[in-house]
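One structure below.
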Amino acid sequence: MTADSFPRQYARTQRLTLGEPRNIVVSPDGKRVVFCRSSSGSDPVNSLWVYDVESSTERCVVDARVTSSDSAPGESDLERARRERAREGAGGIVSYSCNADASKAVFVLRGTLMIADLLAGTSFDITPQEGAVFDPRLSPCGRRVAYVVGDELHVRREDGSTSVIASGDGEFVSWGRAEFIAAEEMGRQRGHWWSPDGERLVVTRVDESTVDTVWIADPAHPGSLPRAIRYPKAGTRNAIVSAVVATLDGTHVPISWDVGAFPYLTSVTWTNGGLVIGVQSRDQR
Numbered sequence: 000m001t002a003d004s005f006p007r008q009y010a011r012t013q014r015l016t017l018g019e020p021r022n023i024v025v026s027p028d029g030k031r032v033v034f035c036r037s038s039s040g041s042d043p044v045n046s047l048w049v050y051d052v053e054s055s056t057e058r059c060v061v062d063a064r065v066t067s068s069d070s071a072p073g074e075s076d077l078e079r080a081r082r083e084r085a086r087e088g089a090g091g092i093v094s095y096s097c098n099a100d101a102s103k104a105v106f107v108l109r110g111t112l113m114i115a116d117l118l119a120g121t122s123f124d125i126t127p128q129e130g131a132v133f134d135p136r137l138s139p140c141g142r143r144v145a146y147v148v149g150d151e152l153h154v155r156r157e158d159g160s161t162s163v164i165a166s167g168d169g170e171f172v173s174w175g176r177a178e179f180i181a182a183e184e185m186g187r188q189r190g191h192w193w194s195p196d197g198e199r200l201v202v203t204r205v206d207e208s209t210v211d212t213v214w215i216a217d218p219a220h221p222g223s224l225p226r227a228i229r230y231p232k233a234g235t236r237n238a239i240v241s242a243v244v245a246t247l248d249g250t251h252v253p254i255s256w257d258v259g260a261f262p263y264l265t266s267v268t269w270t271n272g273g274l275v276i277g278v279q280s281r282d283q284r
């Protein structure tokens, strides 16, 4: 048997990452460890696993190869852009969101929104009818899921009902997702955050109307038309970012800071004592 050369092995295993646990979440009581992992160093498809500390055993809660199907809608354009920015080469379940006690998790698998009971080892398709889902986040109580559809932020409740929490405001305005600079340069990949009680969310509003447009062609598909994106080149105008605290009935309370002096929203953190945000000036100080 001939062993792969190191460069070939490094490429085949996606920089020696395949088959390794990733996206690790430990339950607050220390009883469970939730993680994603593929079956081997040659398998790029991640499934969702739970390790039980007391019994020292692990089990696959959602097998991405079995669960996904050819009829699934596939990745949204937003998810493809996120994966590109994150340099994500793996497939299957590459991100998920847990509730406060890590007993449930939500994720998107090939365009299908799913919720998993990590204790029972079951999972269910809860894909809404509104359109392709992006960045689902489970509330701390585990009874609600917030997610982005297009430029809107939606919430799904335990009874299956859904509502739009933030929407509208113009052709180039989006709610609940990170703008290009935050995602590409600052490591902030999200645009909505649940409060500890699961009754409110911080939601970002991004206005890209002043940002330059560039056209991206795909050499792999020369028959496809170039795609227009709003791209803030160095020295040009950035998107205007603001944020609100939104209640479940869609009421908004603006979060105020000196956006002129500090145009970049770098972080949002809910604590039991209140809300903390991090901002930066244009020179990123």
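The sequence shown maps to residues 0 to 284 in numbering that gives the first Met the number 0.
Glycine is no exception: its CB is placed at the ideal position from the N, C-alpha and C atoms.
The beta-bridge partner set that DSSP reports for Tyr146 consists of His153.
For the pair Gly167 and Gly149, the CB atoms are not nearer than the 8 Å cut-off. In the DSSP assignment, the residues bridged to Lys103 are Asp116. Within the same chain, and ignoring the five residues on either side of Thr12 in sequence, the residues whose Cβ sits closer than 8 Å to its Cβ are Gly18, Gly40 and Ser41.
Distance from the CA of Pro253 to the CA of Gly186, rounded to the nearest whole angstrom, comes to 24 Å. Within the DSSP bridge table, the entry for Pro253 names Val243 as partners.
Under DSSP, Ser173 takes part in a beta bridge, and its partners are Val205. Our two residues, Thr56 and Tyr50, have alpha carbons roughly 6 Å apart in a direct line. For Ala80, the uninterrupted alpha helix (DSSP H) segment begins and ends at Asp76 to Arg84. Beta-bridge pairing by DSSP links Glu57 to Tyr50.
Sixteen is the threshold: when 16 or more other Cβ atoms of the shown chains lie within 10 Å of the Cβ of Leu200, as they do, the residue is buried. Put simply, the stretch 203-212 does not touch the stretch 271-280. Fewer than three CB pairs are less than 8 Å apart. Beta-bridge partners of His191 (DSSP): Val202. C-alpha of Ile239 to C-alpha of Cys35: approximately 35 Å in a straight line. Counting of Cβ neighbours within 10 angstroms places Ala165 among the buried residues, the total reaching 16 or more. Taking a cut-off of 8 Å for Cβ pairs, the stretch 219-234 and the stretch 256-265 do not touch, as fewer than three such pairs fall below it.
Less than 8 Å divides the Cβ of Tyr146 from the Cβ of Val132. The residue among Pro20, Arg204, Arg31 and Trp214 with its C-alpha nearest the C-alpha of Glu170 is Arg204.
In this structure, the straight-line span from the alpha carbon of Thr161 to that of Pro6 is close to 49 Å.
Taking Leu274 as reference, the option from Ser26, Trp193, Gly222 and Gln283 with the minimal CA-CA separation is Trp193. The beta carbon of Trp214 lies closer than 6 Å to those of Pro225 and Ala227 in the same chain, with the five residues before and after it left out. Distance between Gln8 and Leu264, taken at the CA atoms: about 40 Å.
Of the candidates Tyr95, Trp48 and Arg31, the residue whose Cα lies closest to the Cα of Thr111 is Tyr95. Val65 carries a helical assignment under DSSP once its states are collapsed to helix, strand and coil.
Taking the Cα positions, Ile180 is about 34 Å away from Glu157. For Asp134, same chain residues with a beta-carbon under 7 Å away, outside a window of 5 residues either side, are Tyr146, Val147, Arg176 and Arg189 in chain order. Per DSSP, reduced to three states, the secondary structure at Pro6 is helical.
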